[in-house]
Amino acid sequence: MKKMKSLPIALCIAGSDSGGGAGVQADFKTFTALGCHGTTAITCVTAQNPKGVTGIQPIRPDMVRKQIETVFAELPPRAVKTGMLFSTEIIRTVADFFAHGKRPHLVVDPVVVATSGAMLLKSSAISALKRELLPLATLITPNLDEAELLIGRKLSTVEHLKHAALELFERHGCAVLVKGGHLKLRSDAIDVFYDGRVMCELIACRVHGVSTHGTGCTYSAAIAAHLALGESLFSAVRLSKGFITTAISESYKAGKHPVLNHQANKRAS
Numbered sequence: 070m071k072k073m074k075s076l077p078i079a080l081c082i083a084g085s086d087s088g089g090g091a092g093v094q095a096d097f098k099t100f101t102a103l104g105c106h107g108t109t110a111i112t113c114v115t116a117q118n119p120k121g122v123t124g125i126q127p128i129r130p131d132m133v134r135k136q137i138e139t140v141f142a143e144l145p146p147r148a149v150k151t152g153m154l155f156s157t158e159i160i161r162t163v164a165d166f167f168a169h170g171k172r173p174h175l176v177v178d179p180v181v182v183a184t185s186g187a188m189l190l191k192s193s194a195i196s197a198l199k200r201e202l203l204p205l206a207t208l209i210t211p212n213l214d215e216a217e218l219l220i221g222r223k224l225s226t227v228e229h230l231k232h233a234a235l236e237l238f239e240r241h242g243c244a245v246l247v248k249g250g251h252l253k254l255r256s257d258a259i260d261v262f263y264d265g266r267v268m269c270e271l272i273a274c275r276v277h278g279v280s281t282h283g284t285g286c287t288y289s290a291a292i293a294a295h296l297a298l299g300e301s302l303f304s305a306v307r308l309s310k311g312f313i314t315t316a317i318s319e320s321y322k323a324g325k326h327p328v329l330n331h332q333a334n335k336r337a338s
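Numbering (the working numbering) for the sequence shown: 70 to 338.
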């Protein structure tokens, strides 16, 4: 009998996107493309398509925890990524598990607002996110808008991104990737990484003419997948920058809408 191949396991703790473009659906596509076995703990069910979010139904916090515990019992992940957590109660449930139990690499994507503008995190939950979950993270991956919310001021230049990364590291004690794709007056897509030792710019050509959602979910899921595969943190970030850039540039149409192509740079098995 042929020996079975063993795949590293990654877990996403996030919301479900009925349109398949973001959330756990995007995470799962990313894990599979990069050669990981994906597992999930769903925090919310959203009614969503490329035009927007029409409904959100949160999962009970005890059920969120039960999903996480059940995955860890038989399928212990090497890396975990969090996305849409929605409420203070869910954030506290997730934070409590990792504060008092096993803690693999934890990538926290502080999802606040959908690309369409819908609020995916209650305003009352932001303080719990800062106080209870971010200090447990290996890496946090705010985009420009999320970084502004966490810092409390506007960011409009690369130097602002660097100062924000430094400040977030000093506040929460975790590595930071501030994504600058929303920076205006830039012809490229630049992100800033800081881990307490190295401040680094990651630059890619901006892909024009493609407007899609799920890029942040995919980027953070790719980082978690690369960590599960044994890459160092910076290597995981660097490789994931390439992954998301290719996924955007090779987007395809589903109906009338462009969708990220997670299979465009599929890892060879």
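Every residue gets a Cβ at the ideal spot worked out from N, C-alpha and C, and that includes glycine.
- The three-state secondary structure of I82, taken from DSSP, is strand.
- The segment 71 to 146 is shown to contain whole beta strand (DSSP E) runs of 3 or more residues at 78 to 86, 106 to 118, 121 to 127, in chain order.
- Between S318 and V261, the C-beta spacing is not below 7 Å.
- CA-to-CA, the gap between K71 and H295 works out to about 27 Å.
- Excluding its 5 nearest sequence neighbours in each direction, R161 has C-beta neighbours in its own chain below 7 Å: A197, E201, listed in chain order.
- If you draw a straight line from the Cα of R134 to the Cα of I159, it is about 9 Å long.
- The count of Cβ pairs closer than 8 Å, one atom from the segment 162 to 176 and one from the segment 135 to 148, reaches three, so the stretches are in contact.
- Within the segment 248 to 299, the complete beta strand (DSSP E) runs of at least 3 residues fall at 257 to 263, 268 to 274.
- Taking the Cβ atoms as the reference, A148 lies roughly 15 Å from C286, outside the contact range of under 8 Å.
- The C-alpha of Q332 is placed about 15 Å away from the C-alpha of K310.
- Excluding residues up to 5 positions away in sequence, C81, V176, S289, A290, A293 lie with their Cβ nearer than 6 Å to the Cβ of K150 in the same chain.
- Bridge pairing for T151: I82, V177 [DSSP].
- Exposed is the label assigned to D257, since fewer than 16 other Cβ atoms lie within 10 Å of its Cβ.
- Scanning S225, I78, L213 for the CA closest to the CA of F97 turns up I78.
- Annotation: K248 to E215 spans about 9 Å, alpha carbon to alpha carbon.
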